[in-house]
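So the protein lines, in turn, are chains A and B. 1 is the number of the first residue of the first sequence in the working numbering; add one for each residue after it. 1 is the number of the first residue of the second sequence in the working numbering; add one for each residue after it. The beta-carbon is built from N, C-alpha and C at its ideal position, and this holds for glycine as well. Only one structure is covered here, and it is reproduced in the block below.
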Amino acid sequence: QKEVEQDPGPLSVPEGAIVSLNCTYSNSAFQYFMWYRQYSRKGPELLMYTYSSGNKEDGRFTAQVDKSSKYISLFIRDSQPSDSATYLCAMRTGANSKLTFGKGITLSVRP
Amino acid sequence: EAGVAQSPRYKIIEKRQSVAFWCNPISGHATLYWYQQILGQGPKLLIQFQNNGVVDDSQLPKDRFSAERLKGVDSTLKIQPAKLEDSAVYLCASSQTTGARGQPQHFGDGTRLSIL
């Protein structure tokens, strides 16, 4: 079993849709949870950074962490064509430890 | 704030040749990471530096990969000799080490390596 599992894609939605992206993990020591967005031929760009359980909102993006279920989610409201990219979940055990990534899911938002 | 700089952007070599990648982290970031991202996969850590010391190189194939971070700033990653399975994007990331809860990692755009 991989440490981090991410829903397989690709995912295609119409503009304006609400998108839900999910990851599960097996290592209960993970405490820091991140979502990165990666455009084609670019490096991962940090979207959301959360510590422990709970919700965090930033504009159209909401990150949820449920440590009891070992489950994290990213919601995108009013999705735009510019949101078309690969989304990677990532997590780590300590403040400066390595990141463990999911495989990523490719999202396409149709105009 | 300038981001993480990497060069070259692309490199094509034949198997058994050697190759080197360069990374300049964000100014003031003490921690530097090299990740390997194979097509269709998430990045995988190869090596982590804290200033110029190695923190984690447990997943670095040391028989062919080496990395250094002289003076605690720039870093180079070398592969010698290259194998076909080394075809990937090599990403450099950096982070500050302040704060009890750490700081997020910021990535460069990577070097895309193709082995023929």
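Through-space distance from Val73 of chain B to Gly40 of chain B, alpha-carbon basis | 30 Å
Of all Cβ atoms in chain A, is any one closer than 8 Å to the Cβ of Gly72 of chain B?
-> no
Rounded straight-line distance, which links the Cα of Leu21 of chain A to that of Val54 of chain B | 34 Å
Just curious, the beta strand (DSSP E) that Pro14 of chain A is in, first and last residue?
-> Leu11 to Pro14
Along chain B, in chain order, which residues have C-beta atoms closer than 8 Å to that of Leu11 of chain A?
-> Ordered by position in chain B, no residue passes the 8 Å Cβ test against Leu11 of chain A, which lies about 15 Å from the chain.
Under 7 Å Cβ to Cβ from Gln59 of chain B, same chain only, skipping five residues before and after it: list those, please.
-> Lys44, Leu45 and Leu46
Would Asp63 of chain B be called buried (16 or more neighbouring beta carbons within 10 Å of its own) or exposed?
-> exposed
For Ser68 of chain A, collect the residues of the same chain with a Cβ closer than 8 Å to its Cβ; drop the 5 residues on either side in sequence, then sort them by chain order.
-> Ser53
Which first and last residues belong to the beta strand (DSSP E) in which Val4 of chain A is found?
-> Val4 to Gln6
Assuming Phe75 of chain A and Thr93 of chain A make a contact with CB atoms under 8 Å, what is their CB distance in whole Å?
-> No, Phe75 of chain A and Thr93 of chain A are not in contact; Cβ-Cβ is about 25 Å, not under 8 Å.
Express the C-alpha separation of Met34 of chain A and Gln17 of chain B in angstroms, rounding to a whole number.
-> 36 Å
Closer than 8 Å to chain A by CB, Phe65 of chain B | no
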